[in-house]
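Report on the following structure.
Here's what the structure looks like:
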């Protein structure tokens, strides 16, 4: 699956969530992760993330697609954390 | 077109970019916008955004799709800025 994930979480959890997320997906902007995961890895990532965030206060949005075939990814300005230095 | 836009820009431009972007797409998280735009509106939005950002320092990423048909949008925790209060 092709995944875009963004989060808006309490400052005190940002480091922990970021460290956790980087085990699964490249970080491409401050609170944005993007990449490919298998169904099982996605499920595992979400189960672990559920334990770290405070569900009544933190917000995580995922857009999950079969692949990036129908996605036109565009960049304006600079790509601050080039994706390819993670693969 | 269905669009997801995230930005990582200089603090001094955040307010201006946010104000500008909200004329085109709902803001769904701090630096995240999402919604539908026609091809012509998308082009117009990008042309205006190009004039506001500093291309050598700011970063704007867009994922543009024909529609959201192939997108499974998932939320973990709370949806901080409910999309529907913008439509």
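Residue numbers (my numbering), protein chains in the order written: chain A, 895 to 981; chain B, 895 to 981.
Every residue gets a Cβ at the ideal spot worked out from N, C-alpha and C, and that includes glycine.
| Item | Value |
| --- | --- |
| Residue 964 of chain B versus chain A: which residues are under 7 Å apart at the beta carbon? | 959, 960 and 964 |
| Between residue 922 of chain A and residue 936 of chain B, how many whole angstroms is the CB-CB distance? I'm expecting something under 8 Å. | Incorrect: roughly 21 Å between the Cβ atoms, too far for contact. |
| When you compare each of B/929, B/959 and B/914 to residue 942 of chain B by their alpha carbons, which one comes out closest? | B/914 |
| In chain A, which residues lie with their C-beta within 7 Å of the C-beta of residue 900 of chain B? | 900, 923 and 926 |
| If you drop the 5 nearest sequence neighbours on each side, which residues of the same chain put their C-beta closer than 7 Å to that of residue 900 of chain B? | 925, 926 and 955 |
| Given a threshold of 16 other Cβ atoms within 10 Å of its Cβ, counted over all protein chains shown, does residue 947 of chain A qualify as buried or as exposed? | buried |
| Return no unless some Cβ of chain A is closer than 7 Å to the Cβ of residue 967 of chain B. | yes |
| Just checking: is the beta-carbon of residue 991 of chain B within a distance shorter than 7 Å of some beta-carbon in chain A? | Lying outside 895 to 981, the shown extent of chain B, residue 991 of chain B is not represented and no answer is given. |
| Under 8 Å between beta-carbons, which chain B residues line up against residue 951 of chain A? List them in chain order, please. | 971 and 972 |
| Taking all protein chains shown into account, do 16 or more other C-beta atoms lie within 10 angstroms of the C-beta of residue 904 of chain A, making it buried, or fewer, making it exposed? | exposed |
| Mind checking residue 950 of chain A: buried by the 16 CB within 10 Å criterion, or exposed? | exposed |
| I'd like to know whether the C-beta of residue 919 of chain B is nearer than 7 Å to at least one C-beta of chain A. | no |
| Mind checking residue 953 of chain A: buried by the 16 CB within 10 Å criterion, or exposed? | buried |
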